[in-house]
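*Asks:* Residue numbers for the sequence shown follow the working numbering, beginning at 501 and rising by one. Heads up, the beta-carbon is just placed ideally off N, CA and C, and yes, glycines get one too. A quick note: this is a predicted structure, and the numbers were derived from the prediction, not measured. Shown below is the structure under consideration.
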Amino acid sequence: MDLHAETQSILSFLGALASDQGEGLRVSSPIDGARIGCVLPDDAASAARKAEQAEPAFRAWRSVPPPRRGELVRLFGEVVRAQKEPLGRLVSIETGKILQEGLGEVQEVIDICDFALGLSRQLHGLTIASERPGHRMMETWHPLGPVAVITAFNFPIAVWAWNAALALVCGDSVLWKPSERTPLTALAIQALFERACSGHGEAPAHLNQLVLGGVEPARALLDAPQIRLVSATGSTRMGQAVAAQAARRFQRTILELGGNNAAIVAPSADLDLAQRAILFAAVGTAGQRCTTLRRLIVHRDLFAPLLERLRGLFQRVTVGNPLASDTLVGPLIGASAYDSMQQALARARTDAHWIAGGERVLESEHPQAFYVRPALLAMRAQTDIVLEETFAPILYAMPYDTLEEAIALHNATRYGLSSAIFTNDLREAELFLSASGSDCGIANVNIGTSGAEIGGAFGGEKDTGGGRESGSDAWKAYMRRATNTINHSSQLPLAQGIRFDLA
Ligand code: NAD
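Structure below.
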């Protein structure tokens, strides 16, 4: 079956019927570059209309008790669980990530639904000791309002789910603007979500709406007065524009932006373990994860032997059709990603001792698709290009002599998403995790930079935007906090002992 036919058949099986409307936004698969669907995009006016519809949906939903809201997320998680295979395949076809990772992405949706279900009974605030006699203080968490979720192409459903599962149990309605490159998986998810809503009984219309297209409808959403929180995932350039626009209305933001993640390999590292972790983090998802490992900082004594090992692995890794079971690296998303990769390699060439890989492969078989062999570069120094995020499988390696020097190299980028150290030395591991160690939102020991679990708060510092979503207490961003003081005495003592009595 060709990819267009397979895509349409999966979409129709999942209940997303109008997925090839013949005109509008053309969607192609990075596997072979061929068209797999076409959807009608929203314009500014229709995005604004959807934002208006999100308000009554929010008002109805906020009064549904949180555990009942959790029940909807549970139902949705079960619908997704039952459709894991076709959905995972669709993710692979639309993004080019290998099937294992497509299925992993669907699993992430299921996991966050489970997490949010439990959370729906735990949206609790504090009770606080009052300084006044006969008084009690407490915090109450209330639903916030309609939430706009803008997502990137590389995680076409998981990032929406991290946000939406929490927003829904918190009592918010959701407007989802997926990447213009991956609207079809969004249509499939929307169909499954509506199926869950119809089985629930209390979900209002327009609880989760899709806004399709590119920048225009996204900006219209940010202009809508109904939106109280914008959770935007994508490049730092996009985040800067979103932050500036949201600031005008004091909309809350969760910004999940670019990364230029590094790992330090210390002298005591278990190299067999490290090389496996490095390989997955650097070349998995064809280097198109925000948490992809892009810089490797290796103790000078290990530099040559570790790089030789990695060079062999990079050469051996199977690049090809992401739906084939032995493929580990699928295609890049498109021509511009390939061009950026080649430009980065050209800039790095003069500062590299050597470069292995980086070339285009399978070009004659798939002239409209962009498959590359992952690139490994032994660098003389951490030059400007190394400090930039190039969204492709390029791993730059640099030697170091002292751990302090390694940490300084590590923290030298403008990004602060994910980081790792490979060491069996407790002092080194603890220093890396300490206030003087990694400056990232995620810091790991003896595992790679990518592949986070949903239970932890996910996000980064500096130009990564500072947002946190998914696990831990990230739910608090989707609610508003009210501080309540209750006087159950017959006196009226003022705080700070202030006296204010009529003579
Ligand atoms: P992108 O910035 O091109 O697009 C992301 C989304 O933002 C899309 O939906 C796009 O339509 C929208 N957008 C673009 N400009 C906008 C604007 N001015 N106003 C409102 N919306 C706008 O990113 P991409 O190429 O899809 O994804 C790759 C980037 O995303 C990489 O930089 C990667 O590191 C980052 N990313 C970050 C995370 C994270 O959690 N930190 C996760 C995934 C991807």
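#1: Indicate the three-state DSSP secondary structure (helix, strand or coil) for Gln-583 in the structure shown.
#2: Following a CB-centred definition, is Ile-942 positioned closer than 7 Å to any heavy atom of the ligand NAD?
#3: In this structure, how does DSSP classify Arg-847 when only helix, strand and coil are distinguished?
#4: To which residues of the same chain is Ala-681 closer than 6 Å at the C-beta, ignoring the five residues directly before and after it?
#5: So, are the CB atoms of Leu-644 and Leu-729 less than 8 Å apart?
#6: Tell me which same chain residues have a C-beta within less than 7 Å of the C-beta of Phe-513, skipping the five on either side of it?
#7: Which runs of the beta strand (DSSP E) at least 3 residues long sit entirely within the segment 751-788? Give them in chain order.
#8: Three-state secondary structure (DSSP) at Phe-513?
#9: What span of residues does the beta strand (DSSP E) with Lys-550 cover, start to end?
#10: If you measure between the beta carbons of Thr-983 and Met-738, is that distance less than 8 Å?
#11: From Val-715 to Arg-968, what distance separates their C-alpha atoms?
#12: Candidates Gln-607, Asp-925, Ala-995, Gly-671: which alpha carbon is nearest Arg-581's?
#13: Taking all protein chains shown into account, do 16 or more other C-beta atoms lie within 10 angstroms of the C-beta of Ile-986, making it buried, or fewer, making it exposed?
#14: So, with DSSP's three-state summary, where would you put Asn-821?
#15: Taking DSSP as the reference, what is the three-state secondary structure of Arg-999?
#16: Below 8 Å CB to CB, which residues in the same chain sit around Gly-625 once its five sequence neighbours on both sides are set aside?
#17: Return the chain-ordered list of same chain residues with a C-beta closer than 7 Å to the C-beta of Gly-602, the five sequence neighbours on each side being excluded.
#18: Starting from Cys-538, trace the beta strand (DSSP E) in both directions and tell me its first and last residue.
#19: Need the endpoints of the beta strand (DSSP E) that Ile-942 sits in, please.
#20: So, with DSSP's three-state summary, where would you put Asp-963?
#21: What does DSSP give as the partner residues of Phe-922 in its beta bridges?
#22: Let's test the definition: count the other Cβ atoms within 10 Å of the Cβ of Ala-648 and tell me whether it reaches 16, buried, or not, exposed.
#23: How long is the line joining the alpha carbons of Leu-540 and Ile-510, rounded to whole angstroms?
#24: Using 7 Å as the cut-off, classify the Cβ of Val-580 as near or not near the heavy atoms of the ligand NAD, replying yes or no.
#25: Starting from the N-terminal side, write out each stretch of the beta strand (DSSP E) that is 3 residues or longer and does not extend beyond the segment 839-919.
*Replies:* Short version:
#1: The count along the sequence shown starts at 1 and reaches residue 583 at position 83. Three-state result, Gln-583: coil.
#2: Mapped onto the sequence shown, residue 942 falls at position 442. Flag unset: Cβ of Ile-942 not near the ligand NAD.
#3: On the sequence shown, position 347 is the one that residue 847 refers to. In the structure shown, Arg-847 sits in a helix (DSSP, three-state: H, G or I).
#4: By one-based count along the sequence shown, residue 681 stands at place 181. What sits at residue 681 in the sequence shown is Arg, not Ala. Closer than 6 Å at the Cβ level, and outside the excluded window around Arg-681, lie Phe-653.
#5: Counting from one through the sequence shown, the residue named residue 644 turns up at place 144. Counting from one through the sequence shown, the residue named residue 729 turns up at place 229. Yes, they are a contact pair.
#6: Your numbering for residue 513 matches position 13 in the sequence shown. Once the five neighbours on either side are set aside, the close Cβ partners of Phe-513 are Pro-586.
#7: List check, beta strand (DSSP E) in window: 752-756, 761-765.
#8: Locating residue 513 in the sequence shown gives position 13, where the first residue counts as 1. In this structure, Phe-513 counts as helix in the three-state DSSP scheme.
#9: Taking the first residue of the sequence shown as position 1, residue 550 is located at position 50. Careful: Lys-550 lies outside any beta strand (DSSP E), inside the alpha helix (DSSP H) at 544-561.
#10: For the purposes of this step, residue 983 is identified with residue 483 of the sequence shown, where counting begins at 1. For the purposes of this step, residue 738 is identified with residue 238 of the sequence shown, where counting begins at 1. Cβ distance not < 8 Å, so Thr-983 and Met-738 don't count as in contact.
#11: Residue mapping note: residue 715 aligns to position 215 of the sequence shown, counting from 1. Residue mapping note: residue 968 aligns to position 468 of the sequence shown, counting from 1. The alpha-carbon atoms of Val-715 and Arg-968 are separated by roughly 23 Å.
#12: Within the sequence shown, the letter at position 81 stands for residue 581. Selected option, being the one with the closest Cα: Gln-607.
#13: Here the question's residue 986 lines up with position 486 in the sequence shown. Ile-986 comes out exposed.
#14: On the sequence shown, position 321 is the one that residue 821 refers to. The answer is coil: DSSP assigns Asn-821 none of H, G, I, E or B.
#15: Residue numbering aside, residue 999 sits at position 499 when the sequence shown is read from its first letter. Residue state, collapsed to three classes: coil.
#16: Residue mapping note: residue 625 aligns to position 125 of the sequence shown, counting from 1. Result list for Gly-625: Met-638, Glu-639, Thr-640, Trp-641, Arg-981, in chain order.
#17: Within the sequence shown, numbered from 1, the residue matching residue 602 stands at position 102. These residues qualify, in order along the chain: Gly-588, Arg-589, Val-591, Ser-592.
#18: As a working mapping, residue 538 is identified with position 38 in the sequence shown. Per DSSP, Cys-538 belongs to the beta strand (DSSP E) from 535-539.
#19: Here residue 942 refers to the residue found at position 442 when the sequence shown is read from its first residue. Start and end: 942-945.
#20: The residue given as residue 963 occupies position 463 in the sequence shown. Coil.
#21: Taking the first residue of the sequence shown as position 1, residue 922 is located at position 422. Paired residues: Val-765.
#22: Indexing the sequence shown from 1 puts residue 648 at position 148. Looking at its Cβ environment, which holds 16 or more other Cβ atoms inside 10 Å, Ala-648 is buried.
#23: Counting from 1 along the sequence shown, the entry for residue 540 is found at position 40. Counting from 1 along the sequence shown, the entry for residue 510 is found at position 10. Their backbone Cα atoms lie some 19 Å apart in a straight line.
#24: By 1-based counting over the sequence shown, the position of residue 580 is 80. No, Cβ of Val-580 sits at least 7 Å from all heavy atoms of the ligand NAD.
#25: 852-856, 875-879, 894-900
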